[in-house]
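What follows is a set of notes on a single structure, which appears directly below.
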Amino acid sequence: MNHDPLLISFFLFLAGLLTFALWLAMNYNKLVRLRNRADAMWADIDVQLKRRHDLVPNLVQVVSGYATHERGTLDEVTQARNQAVAATSPAQQAEAENMLTGALSRLFANVERYPDLKAEGDFQRLETQLAQLENVIAMSRQAYNLTVQAYNNAVDTFPTNIAAWLSGFQERPYLTAEESDRSLPQIDLDLSAAPPAPTAAH
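For the sequence shown, position 186 matches number 201 in this note's numbering, and the numbering has no gaps at all.
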């Protein structure tokens with residue numbers, strides 16, 4: 016029984032095309048899952064960042080009542096906050112949040128010169144809330160960056176980079192933190208000030 020070489024070649028071509036389509040679909044779905052996971056984590060970070068944005072005007076108002084000579088720093092904080100609110104992409108958001116972080120760090124450093132302000136109840140409350148938010152944001156940022164790393168690795172490495180190129184997937188920026196983050200208010204749990212544990216009675 017003779018087989019037509021053209022027919023055999025046609026079926027082999029169809030089989031190869033089907034195999035490639037299945038492979039492309041599998042890798043496309045993998046990229047989509049990673050992208051959706053990064054989007055979900057970014058949405059969680061965005062919620063925390065919006066809470067920080069909401070606290071900043073109250074902080075500026077409280078500080079301006081005590082530290083009248085810090086107008087320039089307060090204006091810098093307000094401008095950075097407005098830019099962060101207006102950011103529309105993770106890349107813009109990361110840059111704007113770093114600017115806001117730096118401005119807040121300089122503001123809190125200047126507040127050290129105003130003991131009455133540091134003792135003010137509203138300022139202490141806002142300082143504590145900001146510190147708690149910074150801790151949550153830092154943890155969420157680390158988880159987000161790990162997911163982005165997995166996604167970027169899939170976009171850049173063979174063979175999924177072929178599916179990424181054909182499907183239009185691109186690298187995502189990391190949400191980085193500046194060194195000035197360390198200057199933001201921190202909640203200090205001073206365990207050395209805790210009373211000694213009672214000793215067992217003999």
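Ideal Cβ positions, reconstructed from N, Cα and C, are used throughout, including at glycine.
Remember, predicted model here, so these are calculated numbers, not experimental data.
Could you work out which residue in the options is closest to residue i when comparing CA atoms only?
{"i": "Val78", "options": "Phe123, Ala53, Met56 and Leu190", "result": "Phe123"}
{"i": "Thr191", "options": "Val71, Gln164 and Asn44", "result": "Gln164"}
{"i": "Ala178", "options": "Ile23, Leu49 and Ala40", "result": "Ala40"}
{"i": "Thr88", "options": "Arg67, Ala53, Gln108 and Thr116", "result": "Thr116"}
{"i": "Ala11", "options": "Glu85, Met114 and Arg86", "result": "Since the first and last residues shown for the chain are 16 and 217, residue 11 lies out of range."}
{"i": "Glu85", "options": "Arg67, Ala169, Leu132 and Thr172", "result": "Leu132"}
{"i": "Asn168", "options": "Gln185, Ser155, Ala153 and Val62", "result": "Gln185"}
{"i": "Tyr189", "options": "Leu74, Ala53, Leu21 and Leu22", "result": "Ala53"}
{"i": "Ala219", "options": "Gly31, Asn44, Asp90 and Ala153", "result": "Absent from the structure is residue 219, since the part of the chain shown begins at 16 and ends at 217."}
Within 10 angstroms of its Cβ, does residue i collect 16 or more other Cβ (buried), or is it exposed?
{"i": "Asp205", "result": "Per-residue confidence for Asp205 stands at a pLDDT of 35, beneath the threshold of 50, marking its modelled position as unreliable; the derived number appears in the next sentence. Counting Cβ neighbours within 10 Å, Asp205 comes out exposed, since fewer than 16 surround it."}
{"i": "Ile104", "result": "According to the sequence provided, residue 104 is Ser. The question's Ile does not apply to it. So Ser104 counts as exposed."}
{"i": "Leu127", "result": "The displayed chain sequence assigns Glu, not Leu, to residue 127. It is exposed - the Cβ of Glu127 has fewer than 16 other Cβ atoms within 10 Å."}
{"i": "Phe138", "result": "buried"}
{"i": "Arg48", "result": "exposed"}
{"i": "Ser24", "result": "exposed"}
{"i": "Thr34", "result": "exposed"}
{"i": "Ser120", "result": "buried"}
{"i": "Thr83", "result": "exposed"}
{"i": "Arg187", "result": "buried"}
{"i": "Val71", "result": "buried"}
{"i": "Gln76", "result": "exposed"}
Is the beta carbon of residue i sitting closer than 8 Å to the one on residue j?
{"i": "Tyr81", "j": "Glu142", "result": "no"}
{"i": "Thr175", "j": "Leu46", "result": "yes"}
{"i": "Ala102", "j": "Ala111", "result": "yes"}
{"i": "Tyr166", "j": "Trp57", "result": "no"}
{"i": "Arg67", "j": "Leu148", "result": "yes"}
For the alpha helix (DSSP H) holding residue i, just list the boundary residues, first then last.
{"i": "Asp19", "result": "Neither: Asp19 is in no alpha helix (DSSP H) and is coded neither H nor E."}
{"i": "Pro105", "result": "Pro105 to Val126"}
{"i": "Asn190", "result": "Note on identity: in this sequence residue 190 is Leu, with Asn being the wrong assignment. From DSSP, Leu190 is part of no alpha helix (DSSP H); its letter is neither H nor E."}
Is the beta carbon of residue i within less than 7 Å of some heavy atom of the ligand ADP?
{"i": "Ser182", "result": "The model depicted lacks the ligand ADP and carries no ligand whatsoever."}
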